[in-house]
Amino acid sequence: PFSGPCSVDTDLPWKRSVICFNLQQKSFWCVGTRPCARSKRRRFINVVQRQAANVRERKRMFSLNEAFDKLRRKVPTFAYEKRLSRIETLRLAIVYISFMTDLLENT
């Protein structure tokens, strides 16, 4: 939606803002004109900071996926079953832990 260095986003009446991009600094900023905004405040977002946040998020998701894979290996399933989703893994782990707890308490 950039027609030049700046663009006006008017998709929705409450979402009017001016978006500018600076190629030298690799950054962009928005000047909001929404009625609920306190004032015409400029928010400066650095592209390098955004990229760093993306890297952190990818690392976080990788770590989370590794943890779910470890949990899937610990919870007993049938070999022919498809890979369990996250919610299925958590639910099965809850049932399995409850079963093992009952088994230990009754012996």
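Residue numbering for the sequence shown follows the working numbering, beginning at 97 and increasing consecutively.
Where a beta carbon is used, it is the ideal one built from N, C-alpha and C, also for glycine.
Nearest to residue i (by Cα), restricted to the options the options
i    : options             : result
R182 : V151, Y176 and L160 : L160
V171 : K178, Y192 and T197 : Y192
Contacts around residue i, its chain only, beta-carbon distance under 6 Å, and the 5 residues preceding and following it disregarded
i    : result
R146 : none
8 Å CB neighbourhood of residue i in its chain, flanking five on each side removed
i    : result
R179 : R168
Own chain, CB closer than 7 Å to residue i, minus 5 neighbours either side, in chain order
i    : result
T197 : none
Those runs of the beta strand (DSSP E) which lie wholly inside the region 155–185 and span at least 3 residues: For the region 155–185, not a single whole beta strand (DSSP E) run of length 3 or above is found.
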